[in-house]
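Everything on this sheet refers to the single structure shown next.
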Amino acid sequence: MENSTNPAINGANVAGTAGVPDGPWTELCAFSEVPDGEGIQVTVDAQVLAVWRVGEQAFVTDDTCTHGEASLACDGMLDGFSIVCGLHQGEFDIRTGLVLAAPCSKAIASYPACVQDGHVLAKLERVQSS
1 MENSTNPAIN
11 GANVAGTAGV
21 PDGPWTELCA
31 FSEVPDGEGI
41 QVTVDAQVLA
51 VWRVGEQAFV
61 TDDTCTHGEA
71 SLACDGMLDG
81 FSIVCGLHQG
91 EFDIRTGLVL
101 AAPCSKAIAS
111 YPACVQDGHV
121 LAKLERVQSS
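The sequence shown begins at 1 in full-length UniProt numbering and counts up one residue at a time.
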């Protein structure tokens, strides 16, 4: 995976630009690998992540549900910007990582993401939700 220090954000989302951590952007996958309305699991330095696609936007979160240790990308169902865990139907917002439905009570980490030159890039430092 390549690191870039300053990608040109091409109108794609950057989840929560306020409080975005400094540091390198990490290339996670080709944008075309992620089907629209779905997510894929990627691993970077033993960190298991989910890359989500909604239209022409990419979002990156931790892949593991905080309630039941299930893979959100492999076992979940994406509905708009909500990922519903396949294990117990807990729900998270992929833009922020915040919990939307029980039984989950702890947010998943979300990361600033963008699409550059056909690849999904992310800053892999946790974004603190307010």
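Backbone N, C-alpha and C fix where the C-beta goes; we use that ideal spot for every residue, glycine too.
* **Expected contact under 8 Å - CB spacing of G90 and S110 to nearest Å** => Incorrect: roughly 16 Å between the Cβ atoms, too far for contact.
* To do: Have a look at Q47, C104, V84 and flag the residue whose alpha-carbon is nearest the alpha-carbon of C74.
  => V84
* C-alpha gap between S32 and Q41, whole angstroms -> 14 Å
* Asked: Is DSSP giving D45 helix, strand or coil here?
  -> coil
* Taking C-alpha atoms, which residue in V54, H88, V60, L121 lies nearest to E69? -> H88
* To do: Give the single residue among P103, D63, P35 whose Cα lies nearest to the Cα of V54.
  => P35
* Asked: DSSP on P21, reduced to helix/strand/coil?
  -> Only weak support is given to the placement of P21: the predicted model assigns it a pLDDT of 48, under 50, and the value that follows is read from those uncertain coordinates. Here P21 sits in coil by DSSP.
* Could you check which residue in G118, I108, T26 has the C-alpha nearest to that of T64? => I108
* Which value, in whole angstroms, describes the spacing of the CA atoms of G118 and P103? -> 36 Å
* Inter-residue spacing [alpha-carbon to alpha-carbon] between E38 and G86 -> 14 Å
* To do: Pull up the CB-CB distance for V60 and A122, whole angstroms please, since I reckon it's below 8 Å.
  => 4 Å
* **Rounded separation between L28 and L124 - CA only** => 10 Å
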